[in-house]
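What follows is a short report on a single structure.
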Amino acid sequence: MRNMYWLVENNIATFNIQDLCSLVEMQIQNKEEYIISTSAYTIRSVFLNTTVLEERCKYGSYSNNHAEHDFIEAIAQVIEESTIKELSKSLTWSIMIDESTTITNHKNLVIVSKHLVNNIPCYRYLGMIQLTSGTANSITSELLHFFTAKNIPTKALNHMGSDGASVMLGIEIPAIINGIELLNEWAVFRSLLYNFQNFKLYEAWENIFKIENFKSIYPNISMLASLLLTLPLSNAYVERVFSYQNNIKTKLRKNMSLKTLNDLIIISLNRPS
């Protein structure tokens, strides 16, 4: 699995997994010939009564055709669950969507989130869905189905950006900020700022949020700041997704399924830094 992660991270075709495993095995057997700081990890061989591996038993030697896809899916699932977990903890979050066309001329919708992680605005790739129609109703239906299938909570979703435009999604839902209470909180909070004229929201808010009980003392200010910090102002990250998509699904990999393409992008973009 570690070898598969390395291949995906370096955008190397995953069918090289068998050769890479053979190389690692050779290094393990001849580790005295290599200058290394620590010995390689070894996996205990599968116990079999016969020396001939049947097709269903080739997972142990990583020579089964489905093994590489299982590795990719397992790694992507762990990363995806971690992303959804951090998104659900954000006070508010937004999405950016844009259509893309792969090398096989399939129309896909790329979905990217912007939410707070440890009080810092972060972009995350959520997924890609194939569009059956380009109408607004169809896209909305596909998005709702995507959120339901992935168990993504939408209660705190308050912005949507598409093609460079940002749209507030608060028209048909109750107001989430009390205007009068916000002014009262601001009157107190402003007096605590050392230099209001030079106050920089992005740089300062990370430390402000760390103040004990700040969100409970100033709930409306906290909500307003979260809304501003998660506002999708640029589609640069979406363009980055398109770049990864074009690097992964090339003419040589034109038969790659949408599921595999999506998993590879998740690993490439959302992997731990």
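Read in order, the letters of the sequence shown are residues 1 to 273 in UniProt numbering. Every residue, glycine too, gets a C-beta built ideally from N, C-alpha and C. Keep in mind that this is a model prediction, so the values were computed, not measured.
Under three-state DSSP, which class holds residue 276?
Nothing in the structure corresponds to residue 276, since the chain is present only between 1 and 273.
Could you compute how far the alpha carbon of residue 23 sits from the alpha carbon of residue 17?
For this step, residue 23 is matched to residue 23 along the sequence shown. For this step, residue 17 is matched to residue 17 along the sequence shown. Near 10 Å, if we compare the C-alpha coordinates of residue 17 and residue 23.
At least three beta-carbon pairs within less than 8 Å, the region 217–235 to the region 103–117
yes
Taking the C-alpha atoms as reference points, what is the distance between residue 141 and residue 134?
The residue you call residue 141 lines up with position 141 of the sequence shown. The residue you call residue 134 lines up with position 134 of the sequence shown. Near 11 Å, if we compare the C-alpha coordinates of residue 134 and residue 141.
For residue 129, which residues in the same chain have their Cβ closer than 6 Å to its Cβ, ignoring the five residues on either side in sequence?
Counting from one through the sequence shown, the residue named residue 129 turns up at place 129. Closer than 6 Å at Cβ, skipping near neighbours: 109, 142 and 146.
Touch check for the region 84–92 and the region 149–163: three-plus C-beta pairs under 8 Å?
yes
What would DSSP say about residue 124, mapped onto helix, strand or coil?
Along the sequence shown, one-based indexing puts residue 124 at 124. Reduced to three states, the DSSP call for residue 124 is strand.
Reduced DSSP secondary structure (H/G/I, E/B, other) of residue 177:
To locate residue 177, count along the sequence shown from 1; it is residue 177. If DSSP states are grouped into helix, strand and coil, residue 177 belongs with coil.
Any contact of the region 176–193 with the region 242–262, i.e. 3+ C-beta pairs under 8 Å?
no
If I measure Cβ to Cβ from residue 126 and keep anything under 6 Å in the same chain, skipping five residues before and after, which residues do I get?
Looking up residue 126 in the sequence shown gives position 126. Excluding positions up to five away in sequence, the list reads 111 and 113.
Cα-Cα separation between residue 149 and residue 187, rounded to whole angstroms
Position 149 of the sequence shown, counting from 1, holds the residue named residue 149. Position 187 of the sequence shown, counting from 1, holds the residue named residue 187. Each residue's alpha carbon lies about 44 Å from the other.
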